[in-house]
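Plus 8 on top of the position in the sequence shown (first one is 1) and you've got this note's numbering.
Just so you know, even glycine gets a beta-carbon here, dropped at the ideal spot from N, CA and C.
It should be emphasised that the depicted structure is a prediction, and the values quoted were computed from it without experimental measurement.
First the structure, in the form of structure tokens, and then the observations on it.
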Amino acid sequence: MKGCILSRERNHPLFIRPLERRVMLDAAFADTVDPETDATLDGGTFADSVNNGTGKDVAVGDFNGDGFDDLLVLSEGSGDGESILIYGSADRGDWGDLTEADLDNTNSVKFVGSSTVKQLGVEFIGDINNDGYEDIAFLNPGEAAGEGVRVVLGSANPAATIDLTDTSQGNVFYLEGSFTETEFGASVAGAGDINNDGFDDLIIGSPKGGGTNDPGRGYVLFGHGGAFADRNFSVNPLDGSDGFVIQGHVVGASGYRLGTAVAGVGDFNADGIDDLAISTILKNNNRGAVFVVFGRDTPFAASMNIIDLDASTGIIIDGGTANTYDIESFGSRITSAGDFNGDGFADIAISSYQSDVEKFQIRDAVHVIYGGNALPASFSIADIDGSNGTMLYTSDNAAGFGNSISAGADIDGDGFDDLVIGSHKNKDGSNSIGGAFVVYGNNRGNAVLHVTGGTTTNTDASEFIYSSSTNLDAKYLGESVAIGNFDGDGYADIVIADNEQNGDDGLVYYYYGLKGNTAPTVTAVADQAINDGESTNALAFTVADADGDAMTVTATSSNTAVVPDANIVIAGTGANRTVTVTAANNQSGTATITLKITDDRGSSVYETFDVTVTDVNADPTISAIANQTINEDGNTGALAFTVADADGDTVSVTGASSDTGLIPNGNIVIAGTGANRTVTVTPAAGQSGTATITLTLSDGNGGSATETFDVTVGAVNADPTISAIANQTINEDGNTGALAFTVADA
């Protein structure tokens with residue numbers, strides 16, 4: 009597995025692996041999966057005995073430090089909340105369809121609170137005391153005593169039940185805001201090592217903190233060795249040495265409510281130090297914004313104002329502007345996206361949950377913003393062009409798309425980090441059934457990707473895990489999602505929760521990474537260059553499948569104007585295949601041809617090659633004209649023929665004779681327009697013999713063609729002729745005299 013595992017807002021430093029191959033490997037999940045009926049899935053379910061809202065939130069981390077990720081499940085219960093952590097295990101038999109009755113102190117930990125110390129959200133936050141165990145934050149946003157954030161430090165042998173109200177245990181402490189911060193703890197995340205001191209840090213959002221009109225705040229608490237004490241940030245404020253406050257802003261009478269979502273985002277600016285992100289959904293007429301604060305190894309001041317960010321300290325990512333995208337609530341969720349486009353830099357995934365993107369007429373969207381070492385001081389999602397990020401959206405039925413996001417793992421093993429995106433209000437007709445999308449990272453440079461069940465426009469690389477519409481108890485599958493590696497096999501496992509399944513009891517589904525099916529392989533196909541209207545040779549390639557599965561090969565074009573999909577012909581069987589590509593007429597440009605080889609168990613491999621097409625002037629064409637035989641002094645009549653020009657040029661036709669004594673050029677008459685033409689040939693009077701007639705076509709742009717046919721004129725025996733003699737009148741005994749006349753024979 010590449011990098012660390014991230015839950016919905018869990019973010020640690022990332023190990024980024026650059027793209028090594030041009031070939032992309034598809035996961036072995038089917039295009040669409042119903043977890044209630046698909047018997048091919050290897051995994052199980054968990055239902056808490058509180059029978060109310062199991063799976064309201066889920067998180068993944070290694071709490072006991074045994075090398076296996078653990079699954080933390082929050083159940084709403086009567087409203088106070090209860091969380092159960094299930095230890096990962098190398099033996100998949102330890103996990104199946106579990107209930108709380110199957111758990112004990114050898115395989116789980118229960119976290120309990122009270123009516124005042126509630127559990128409304130859970131997050132793994134990294135290792136803030138650097139003892140080798142990952143720590144957990146429990147969210148209970150509010151201003152009253154007991155409200156805020158409770159942190160439990162991980163350990164090798166934690167108690168079977170941990171009481172969050174008891175901070176005397178040594179591994180539990182609380183963090184509180186001031187008594188005016190009614191939403192302190194609305195968001196919590198591990199911030200990575202923002203100050204580069206070797207300890208993971210913690211960020212807490214307080215959207216209604218910071219003063220009049222709710223400018224909002226973010227509290228960054230630096231990790232350190234040793235014990236942590238309970239702390240009220242109003243009584244014991246951060247001073248820059250132990251953390252700092254990120255202050256929101258007020259415009260007129262409207263505050264930013266900074267802290268709606270927070271996240272550690274890895275090393276977004278590629279300076280070797282982790283960075284964090286904090287959002288407001290109210291900036292810019294409710295379009296929202298995300299602020300990335302760069303980490304550094306020089307001291308932070310005790311407080312910083314978010315509007316003071318510049319290119320050296322951070323970046324502002326705005327949620328669209330007027331007349332382009334009409335985004336609402338940009339920044340509803342933030343998470344590190346790992347390295348989604350495979351360029352070696354950490355990326356960020358940001359949802360605009362319940363937005364209205366008029367340009368694409370969709371409801372919700374997730375924007376992936378690419379990291380780099382030359383970032384601007386500010387950026388708008390309206391500027392996304394495929395080189396700096398991509399926008400993911402889906403159908404109108406997939407409401408809630410982006411309500412939960414998990415990322416940072418390479419699910420399909422292709423060198424790109426992938427996303428799991430919850431769509432908990434996805435509908436089947438009028439029924440809310442929920443679902444989740446697995447979207448595979450790629451470097452195709454698409455500004456917009458339309459994610460659908462089984463396909464992602466321009467990538468053909470996504471899966472849709474949905475709840476059966478026949479089970480009307482399935483309401484909010486995708487309410488929370490996570491990625492982990494519970495059995496330690498190196499393959500990413502997926503968690504998707506439906507907190508209102510089975511009469512609001514809730515149910516959590518988990519699926520082990522599918523490693524049993526080896527994907528096919530394909531040899532490379534070289535790039536090609538042809539003229540318009542022409543075809544490549546039959547380009548040979550070979551396919552193989554280590555499991556002996558049958559394979560199908562399909563092909564698509566990235567530029568169907570230049571190369572239509574129908575002009576890509578796959579041939580061959582078994583290992584030996586060919587592909588022939590024919591360019592469209594009168595077109596130029598480059599089309600990327602994608603070959604997809606899929607085995608009969610759902611795994612696929614892709615191979616791409618470019619076909620560059622040059623638009624050249626095509627010669628006109630003419631139909632054949634048969635040789636003709638006529639008598640002298642006759643003609644051929646109107647002989648029909650057709651002309652054509654692939655470029656649509658106007659075609660002119662002229663005629664010439666090889667024997668102008670027999671058939672003068674002027675006796676060749678061309679008639680007609682467009683495609684349908686005629687030629688009439690008349691020989692000179694009294695002449696016989698054979699002449700070759702050449703018709704020459706010209707398209708006016710240098711293209712030409714000729715057609716020849718023979719005209720044979722046969723001689724005919726003519727009667728002799730005599731000139732007229734006038735009537736004569738003479739006298740008796742006279743004579744006419746010698747009357748002259750002439751005779752001739754042709």
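Is residue i near residue j, with beta carbons less than 9 Å apart?
i, j, result
"Phe93", "Ile136", "First, the amino acid is wrong: residue 93 is Leu here, not Phe. Result no, Cβ atoms of Leu93 and Ile136 do not sit closer than 9 Å."
"Asn709", "Pro691", "no"
"Phe338", "Ala285", "no"
"Asp347", "Phe424", "yes"
"Leu210", "Ile133", "yes"
"Val587", "Leu603", "yes"
"Thr600", "Leu647", "no"
"Ser163", "Phe308", "no"
"Gln127", "Asn148", "yes"
"Glu155", "Phe192", "yes"
"Gly51", "Tyr517", "yes"
"Ile633", "Glu715", "yes"
"Thr190", "Gly226", "no"
"Phe302", "Gly322", "yes"
"Gly722", "Ile638", "yes"
"Ser91", "Phe119", "yes"
May I have the straight-line CA-CA distance separating residue i from residue j, to the nearest angstrom?
i, j, result
"Ala683", "Ala652", "6 Å"
"Thr343", "Asp607", "33 Å"
"Arg304", "Lys64", "35 Å"
"Ala278", "Val571", "39 Å"
"Gly121", "Leu427", "32 Å"
"Gly75", "Asp208", "18 Å"
"Thr622", "Gly379", "36 Å"
"Asn739", "Gly745", "12 Å"
"Ala726", "Ala664", "29 Å"
"Gln695", "Thr598", "59 Å"
"Leu515", "Ala373", "26 Å"
"Met223", "Asn493", "First, the residue type needs correcting, since residue 223 is Pro and not Met in the sequence shown. Their backbone Cα atoms lie some 39 Å apart in a straight line."
"Asp56", "Asn113", "16 Å"
"Gly350", "Arg452", "10 Å"
"Asn450", "Gly656", "40 Å"
"Ile701", "Ala537", "39 Å"
"Gly556", "Val273", "42 Å"
"Ile356", "Asp283", "11 Å"
"Gly61", "Ile504", "13 Å"
"Gln636", "Ala699", "10 Å"
"Ala237", "Ala552", "60 Å"
"Ala417", "Val68", "12 Å"
"Ile413", "Gly443", "12 Å"
"Thr568", "Asn539", "16 Å"
Which residues bound the beta strand (DSSP E) around residue i?
i, result
"Val724", "Val724 -> no beta strand (DSSP E), and no H or E assigned at all."
"Asp657", "Segment: none, Asp657 is in no beta strand (DSSP E) and carries neither H nor E."
"Tyr614", "Ser612 to Thr622"
"Gln127", "Taken as a continuous stretch (DSSP letters only), Gln127 belongs to no beta strand (DSSP E), as it is neither H nor E."
"Arg452", "Unbroken run through Arg452: none, as it is neither H nor E."
"Thr702", "Gly697 to Ser706"
"Ser340", "Phe338 to Gly346"
"Asn148", "Ile144 to Asn148"
"Asn313", "Ser311 to Asn313"
"Tyr95", "Unbroken run through Tyr95: none, as it is neither H nor E."
Could you name the residues of the same chain whose beta carbon sits closer than 6 Å to that of residue i, not counting the 5 residues immediately before and after it, in chain order?
i, result
"Asp468", "For Asp468, the pLDDT reaches just 42, beneath the cut-off of 50, and the residue's location in the model is therefore unreliable, although a value from the coordinates is still provided. Taken in chain order, the list of residues that qualify is empty."
"Arg158", "Phe146, Leu172 and Tyr182"
"Thr478", "Note on Thr478: pLDDT 45, under 50, position unreliable in the model; the coordinate value appears next. Closer than 6 Å at the Cβ level, and outside the excluded window around Thr478, lies no residue."
"Thr662", "Thr704"
"Asn545", "none"
"Phe617", "Val533, Asp535 and Ile601"
In chain order, what residues of the same chain have a beta carbon less than 7 Å from the beta carbon of residue i, not counting five sequence neighbours either side?
i, result
"Ala693", "Asp641"
"Pro728", "Val751, Ala752 and Asp753"
"Gly697", "Asp667, Leu670 and Val721"
Excluding the 5 residues preceding and the 5 following residue i in the sequence, name in chain order all residues of the same chain whose CB lies nearer than 8 Å to its CB.
i, result
"Thr107", "Phe54, Ala55, Asp56 and Ser57"
"Ile678", "Val661, Thr662, Gly663, Arg685, Thr686, Val687 and Leu703"
"Asp99", "Asp495"
Using a Cβ-Cβ distance cut-off of 9 Å, determine whether residue i contacts chain B.
i, result
"Gly642", "Given the protein chain composition of this structure (a single chain), no chain B is represented."
What beta strand (DSSP E) runs, 3 residues minimum, are completely inside the segment 223 to 289? 225 to 229, 251 to 255, 270 to 272 and 284 to 288
At what residue ranges does the segment 162 to 206 contain a whole run of the alpha helix (DSSP H), taking only runs of 4 or more? None, since the segment 162 to 206 contains no complete alpha helix (DSSP H) of that length.
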